[in-house]
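Notes follow the structure.
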Amino acid sequence: MKRLAVFTSGGDAPGMNACIRAVVRGAVYHGVEVFGIRRGYNGMINGDIFQMTSHSVSNIVQRGGTILKSARSKEFMTPEGRQKAHDQLIKHGIEGLVAIGGNGTFTGALKFFEEYQIPTVGAPGTIDNDLYGTDYTIGFDTAVNTALEAIDKIRDTADSHDRIFFIEVMGRDSGYIAIQSGIAGGAEMVMVPEVLTPISEVVETLKQGWSRSKSSSIIIVAEGDEEGNAAEVAEKIRTQVGVDVDMRVTTLGHIQRGGIPTAYDRILASRLGLGALEGLLNGEKNVMAGVVNNELRYTPFIDTIKLPKPINEDLLRMVRILSV
Ligand code: F6P
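Residue numbers (full-length UniProt numbering): 1 to 324.
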């Protein structure tokens with residue numbers, strides 16, 4: 001392979017820049033020409049493609065966001081969109097792709113390969129940590145630490161005012177951010193999409209706490225929880241408790257997607273970026289580079305897309321025990 005391109009797609013994640021840097025520098029090291037595609041599949045369709053050098057990725061290892069920008073492309077889901085993208089890759093002489101993103105990104109890459117046989121190797125970039133085939137995704141550790149900093153601050157004011165706080169963290173289909181930030185932040189309960197926590201159970205836990213003179217509580221709610229978002233959960237609890245309790249809701253939102261990546265994320269991103277690049281050069285295709293038990297591993301896109309990544313229910317149990 002003489003020429004390849006790298007792009008970021010889907011929700012951005014801290015550490016994506018460190019990953020781009022590893023792909024570009026790895027390509028330069030191996031004597032392969034490397035191009036960048038801006039705004040994910042949209043840029044592929046529109047020909048927003050430019051040559052990158054070692055210098056293009058100077059001074060970015062510490063930056064959040066993605067210098068290549070990101071998008072969720074509706075046009076790439078259509079055959080016409082993919083045809084345009086293919087035409088642009090041919091025009092630029094690109095023979096292979098490194099895609100940094102999540103499930104949607106890899107679904108697109110697989111479809112594209114079926115039609116045009118352009119090989120793609122992926123690197124898992126999403127704060128959600130919801131991809132089968134890697135223990136951690138790029139951006140997850142930073143997002144957990146961002147959420148944790150906010151939880152610590154909220155705990156101060158919750159304690160001063162004897163209040164119950166419902167804190168909503170990101171995770172449309174995944175409770176990873178909720179569990180990790182909840183444990184580290186000493187939450188009383190963590191509500192996640194993977195395991196139903198009935199409102200009655202939350203009420204029971206709060207009542208037990210009050211009977212032990214607990215005056216403030218933190219409940220972490222993943223945005224995709226089955227009982228609803230944090231505001232809806234709080235409202236249901238207000239109705240069930242019956243007495244007037246002082247409650248507040250905080251939604252952390254997109255602050256979890258930005259910021260300086262942690263050392264862990266920078267190292268993981270560098271490893272996975274180089275792993276994806278070298279996999280592509282060694283003939284891998286339609287696979288995602290991941291780290292499992294601290295070893296680099298390639299998992300077929302079809303598995304990363306289809307197979308669930310179960311959460312560790314022991315951790316949920318631990319939250320309960322530790323809030324006694
Ligand atoms: O996939 C990452 C993520 O941050 C999810 O946790 C969240 O549900 C979603 O993206 C939000 O997407 P958007 O930025 O398009 O609102």
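Heads up, the beta-carbon is just placed ideally off N, CA and C, and yes, glycines get one too.
Since we're looking at a predicted model, the values are computed, not measured.
Residue 122 versus residue 141: straight-line alpha-carbon distance, rounded:
Against the sequence shown, residue 122 aligns to sequence position 122. Against the sequence shown, residue 141 aligns to sequence position 141. Looking at the two C-alpha atoms, the distance is approximately 19 angstroms.
Backbone secondary structure at residue 198 - three-state DSSP:
In the sequence shown, residue 198 corresponds to position 198, counting from 1. Secondary structure at residue 198: coil, using DSSP grouped into helix, strand and coil.
Could you tell me if the beta carbon of residue 127 falls within a distance shorter than 7 angstroms of some heavy atom in ligand 1?
Stepping through the sequence shown from its first residue, residue 127 is reached at position 127. Distance from the C-beta of residue 127 to the nearest heavy atom of ligand 1 is below 7 angstroms.
Could you work out which residue in 113, 13 and 254 is closest to residue 96 when comparing CA atoms only?
Numbered from 1 along the sequence shown, position 96 holds the residue referred to as residue 96. For residue 96, the closest C-alpha among the options 113, 13 and 254 is that of 113.
With the cut-off set at 8 angstroms, would you say residue 130 and residue 173 are in Cβ contact?
By 1-based counting over the sequence shown, the position of residue 130 is 130. By 1-based counting over the sequence shown, the position of residue 173 is 173. Yes, they are a contact pair.
Runs of beta strand (DSSP E) lying entirely within the segment 206-236, each at least 3 residues, in chain order
Entirely contained in the segment 206-236, the beta strand (DSSP E) runs reaching 3 residues are, in chain order, 217-222.
Alpha helix (DSSP H) runs contained entirely in the segment 106-181, provided each spans 4 or more residues
With a minimum length of 4 residues, the continuous alpha helix (DSSP H) runs that stay inside the segment 106-181 are 140-161.
Hey, is residue 261's beta-carbon within less than 8 angstroms of any beta-carbon in chain D?
The structure shown contains no chain D; it holds only a single protein chain.
Select from 16, 162 and 8 the residue whose C-alpha is nearest the C-alpha of residue 218.
Locating residue 218 in the sequence shown gives position 218, counting from the first residue. Comparing C-alpha distances from residue 218 to each of 16, 162 and 8 shows the shortest one belongs to 162.
With a Cβ-Cβ cutoff of 8 angstroms, do residue 127 and residue 139 count as a contact?
Here residue 127 corresponds to residue number 127 of the sequence shown, with the count starting at 1. Here residue 139 corresponds to residue number 139 of the sequence shown, with the count starting at 1. At a Cβ-Cβ threshold of 8 angstroms, residue 127 and residue 139 count as neighbours.
I need the boundaries of the beta strand (DSSP E) containing residue 3, first residue and last residue.
Position 3 of the sequence shown, counted from the start, is the residue given in the question as residue 3. It spans 3-8 - the beta strand (DSSP E) in which residue 3 sits, taken as one unbroken run.
Under 7 angstroms from any heavy atom of ligand 1, does the C-beta of residue 10 make it?
On the sequence shown, position 10 is the one that residue 10 refers to. Residue 10 Cβ: within cutoff of ligand 1.
Can you name, in chain order, every residue of its own chain whose Cβ lies under 8 angstroms from the Cβ of residue 320, other than the five neighbours on each side?
The residue labelled residue 320 in the question sits at position 320 within the sequence shown. If you ignore the 5 residues before and after residue 320, its C-beta comes within less than 8 angstroms of the C-beta of 189 and 205, all in its own chain and listed in chain order.
Kindly indicate which three-state DSSP category residue 51 falls into: helix, strand or coil?
The residue labelled residue 51 in the question sits at position 51 within the sequence shown. Of the three classes helix, strand and coil, the one that applies to residue 51 here is strand, per DSSP.
Can you find a heavy atom of ligand 1 that lies under 7 angstroms from the Cβ of residue 63?
Indexing the sequence shown from 1 puts residue 63 at position 63. Residue 63: no, Cβ never under 7 angstroms from ligand 1.
Among 143, 197, 216 and 144, the one whose alpha carbon lies nearest that of residue 157
The residue you call residue 157 lines up with position 157 of the sequence shown. Residue 157 has its Cα closest to that of 216, out of 143, 197, 216 and 144.
On a CA-only basis, which of 262, 224 and 137 is nearest residue 167? Give me that one, please.
The sequence position of residue 167 within the sequence shown is 167, counting from 1. Taking only the C-alpha atoms, the option nearest residue 167 is 224.
Does DSSP classify residue 97 as helix, strand or coil?
Working through the sequence shown from its first residue, we reach residue 97 at position 97. It is a strand residue.
Could you have a look at residue 277 and say whether DSSP puts it in helix, strand or coil?
Position 277 of the sequence shown, counted from the first residue, corresponds to residue 277. Three-state DSSP puts residue 277 in a helix.
Is DSSP giving residue 66 helix, strand or coil here?
As a first step, residue 66 is located in the sequence shown; it is residue number 66 there, counting from the start. Of the three classes helix, strand and coil, the one that applies to residue 66 here is coil, per DSSP.
In angstroms with no decimal places, state the Cα-to-Cα distance between residue 177 and residue 111.
Position 177 of the sequence shown, counted from the start, is the residue given in the question as residue 177. Position 111 of the sequence shown, counted from the start, is the residue given in the question as residue 111. A direct Cα-to-Cα measurement between residue 177 and residue 111 gives close to 30 angstroms.
Exposure label - residue 263; buried when at least 16 CB within 10 Å
As a first step, residue 263 is located in the sequence shown; it is residue number 263 there, counting from the start. Exposed is the call here.
My output table needs one value for residue 80: the three-state DSSP class, helix, strand or coil.
Along the sequence shown, one-based indexing puts residue 80 at 80. If DSSP states are grouped into helix, strand and coil, residue 80 belongs with the helices.
What does the Cβ neighbour count give for residue 261, buried or exposed, with the cut at 16 atoms within 10 Å?
Stepping through the sequence shown from its first residue, residue 261 is reached at position 261. Buried, because 16 or more other Cβ atoms sit within 10 Å of the Cβ of residue 261.
Judging by CA-CA distance, which residue of 24, 61, 255 and 9 is the nearest neighbour of residue 267?
To locate residue 267, count along the sequence shown from 1; it is residue 267. With distances taken between CA atoms, residue 267 lies nearest to 61 out of 24, 61, 255 and 9.
What three-state label does DSSP hand residue 26 in the structure shown?
Within the sequence shown, numbered from 1, the residue matching residue 26 stands at position 26. For residue 26, the secondary structure class from DSSP, reduced to helix, strand or coil, is helix.
Evaluate the contact criterion for the segment 236-255 versus the segment 81-89: three or more CB pairs, one atom per stretch, below 8 angstroms.
Short answer: they don't touch.
Is residue 223 near ligand 1, going by C-beta to nearest heavy atom under 7 angstroms?
Counted from its first residue, the sequence shown places residue 223 at position 223. Indeed, a heavy atom of ligand 1 lies less than 7 angstroms from the Cβ.
Buried versus exposed call for residue 78 [16 or more other C-beta atoms within 10 Å across all chains shown]:
The sequence position of residue 78 within the sequence shown is 78, counting from 1. Residue 78 counts as exposed, since fewer than 16 other C-beta atoms from the protein chains shown sit within 10 angstroms of its C-beta.
Mark residue 313 as exposed unless 16 or more other C-beta atoms lie within 10 angstroms of its C-beta, in which case mark it buried.
On the sequence shown, residue 313 is found 313 positions in, with the first residue counted as 1. Residue 313 should be labelled exposed.
Say the cut is 7 angstroms; is the CB of residue 40 nearer than that to a heavy atom of ligand 1?
Position 40 of the sequence shown holds residue 40. Exclusion of residue 40 from the 7 angstroms shell around ligand 1 follows from its C-beta lying no nearer than that to any non-hydrogen atom of the ligand.
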